[in-house]
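One structure below.
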């Protein structure tokens, strides 16, 4: 709907008609073709003619020639099959005519120029037989020459027209520059008048130069301070990473005493001994039986229906025999009151749990090896990509936050630099224009010289008094600059201390949570130990046979393992408690340091507010400020 409304507005503005969307959309195919012809003739693409009363093929041919002259290209789906486009255009279809009118309006100036050139540069359709006639051939050569001359003249006209437009633009620019020159002259006059009213101009210029030098020095010191802060941050990150690695190494070495190593070796030996004597022989026997079975299958002759029948009968007989044995076993079990049944069942459960645990151990060992191999590969790839320093966890988060802060500061400084560069370019352009328009300005600048050469030292007592006042002014500015630097240094130090305190508080909270988890796990292990102890006492009271003793040994082994785990957890708990005290002490020390720095800064400010703190000496054009 919006496209149709825009198209109707274009046609009305071009043909000076008063179509609306309803009337334009209700036009017949002949009316749409007439609108297209009117648009083309309005832009001088072809001569105007009426569609009504003309031959159908003639109208289509003229429109196609006109579209060819203005170099119109239909859409891609119609470009592949021109016959559909030609037929749709002849039938006055909206999907053919609407895009043509929109394209003509969008490229109106180009269409006008192309139509004008095609009017004189489209070659005549002359057969080769006619060109063989000498007179026609001579006229054809003259025609080609005239066309080439026309092309050259048109190019020269286009160049001249472009130069005329550039001349107009230059005139407008010159007028704008003259206006700007007048404005600058007026501003210079007003500035000169205000400057003439100010006494001791040279002193103020000297003060301004000193202030500019101090500002530049302040910026340089700030940049050095930022660089040192960044260096400190990098060193802190490296230090924290190395500290964590050192603590990890210390923990690893602390837990690797002779007793711990011996216990670990004993546990591993027991596990391997169990796998060697019980699990692996069973698996080996199963594999051998499977091989024998497969070999028997391979050695069997060709299977026939008779063989399958015999095999099914044997299977039924074996099943009946097994069923009979099971029934007799159940009968004997019911007849005989077996007091060891629960303990045998529990022993079988323990044995089954052992087997499941060993299978899980096998599986987890394989997974651990695969994960370690993958981790080593990733670490090597990451080290080759980013270098030696690899950030992880909180270090990576802190580094990303630092990069974000630096990025925002960089963007702000870049925007300020861009504005200053733009202002410098404008001022330089204005100065160049002034020099080109008024050569006397350059001469006066050369005669005047630099502002530094025009400044002279005071010689009279009045000028000396002005120098003293200016020195006090400069001293006040220096104090203000020093105070700003101290405030910045204090703010930076305060922010660093707050960050350190929050980090330590976070570590303390994590340590407390970890201690709580360890205590809860320790209580659960104590309950488990008590339950196993009661079970062992019951087993010792009821049975003294070999099966029971083996179960007791197995449970004793589990109890020893649990006791080892409890001892390790207790050691970890003690270590965390000791670290907690150290971190609380560190937080307290940082707080004391913060208070001490605040008191020092306050004392320094009070000392500066009491006076200048020095004597200014002026000797032979030199000024010296001596601190007291």
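Residue numbers (full-length UniProt numbering): 1 to 628. No residue lacks a Cβ here, since even glycine has one placed at the ideal position from N, Cα and C.
What does the Cβ neighbour count give for residue i, buried or exposed, with the cut at 16 atoms within 10 Å?
i           : result
residue 3   : exposed
residue 603 : exposed
residue 56  : exposed
residue 104 : buried
residue 282 : exposed
residue 198 : exposed
residue 291 : exposed
residue 32  : buried
residue 322 : exposed
residue 206 : buried
residue 454 : Because residue 454 sits at a pLDDT of 40, beneath the cut-off of 50, its placement in the model cannot be relied upon, and the following sentence gives the value as read from the coordinates. The residue is exposed, with fewer than 16 neighbouring Cβ atoms inside 10 Å.
residue 203 : buried
residue 326 : exposed
residue 92  : buried
residue 20  : exposed
residue 96  : buried
residue 308 : exposed
residue 150 : exposed
residue 89  : buried
residue 11  : buried
Would you mind stating whether residue i and residue j have Cβ atoms separated by less than 8 Å?
i           : j           : result
residue 508 : residue 573 : no
residue 640 : residue 67  : Residue 640 lies beyond the range of the chain shown here (1 to 628); nothing can be said about it.
residue 111 : residue 43  : yes
residue 98  : residue 7   : yes
residue 504 : residue 379 : no
residue 522 : residue 576 : no
residue 201 : residue 193 : no
residue 30  : residue 52  : yes
residue 528 : residue 562 : yes
Would you tell me roughly how many angstroms separate the C-alpha atoms of residue i and residue j, rounded to the nearest one?
i           : j           : result
residue 222 : residue 214 : 12 Å
residue 372 : residue 233 : 32 Å
residue 235 : residue 269 : 46 Å
residue 75  : residue 22  : 26 Å
residue 580 : residue 420 : 53 Å
residue 424 : residue 417 : 10 Å
residue 180 : residue 174 : 10 Å
residue 296 : residue 280 : 24 Å
residue 17  : residue 101 : 15 Å
residue 54  : residue 139 : 34 Å
residue 558 : residue 348 : 16 Å
residue 60  : residue 171 : 50 Å
residue 47  : residue 62  : 10 Å
residue 329 : residue 367 : 44 Å
residue 447 : residue 208 : Here residue 447 scores only 48 on pLDDT, less than 50, and its place in the model is too uncertain to base an answer on.
residue 78  : residue 94  : 14 Å
residue 363 : residue 357 : 10 Å
residue 401 : residue 267 : 47 Å
residue 50  : residue 113 : 24 Å
residue 304 : residue 315 : 17 Å
residue 128 : residue 136 : 11 Å
residue 156 : residue 414 : 46 Å
residue 228 : residue 243 : 22 Å
If you run the structure through DSSP and keep just helix, strand and coil, what is residue i?
i           : result
residue 413 : helix
residue 51  : coil
residue 598 : helix
residue 153 : helix
residue 199 : coil
residue 167 : helix
residue 91  : coil
residue 127 : coil
residue 74  : coil
residue 27  : coil
residue 302 : coil
residue 603 : helix
residue 179 : helix
residue 69  : helix
residue 17  : coil
residue 43  : coil
residue 232 : helix
residue 559 : helix
residue 136 : helix
Report back the beta-carbon spacing between residue i and residue j to the nearest angstrom; my notes put them in contact at under 8 Å.
i           : j           : result
residue 525 : residue 565 : 6 Å
residue 177 : residue 115 : The Cβ separation is near 40 Å, so there is no contact.
residue 399 : residue 237 : 7 Å
residue 64  : residue 86  : 7 Å
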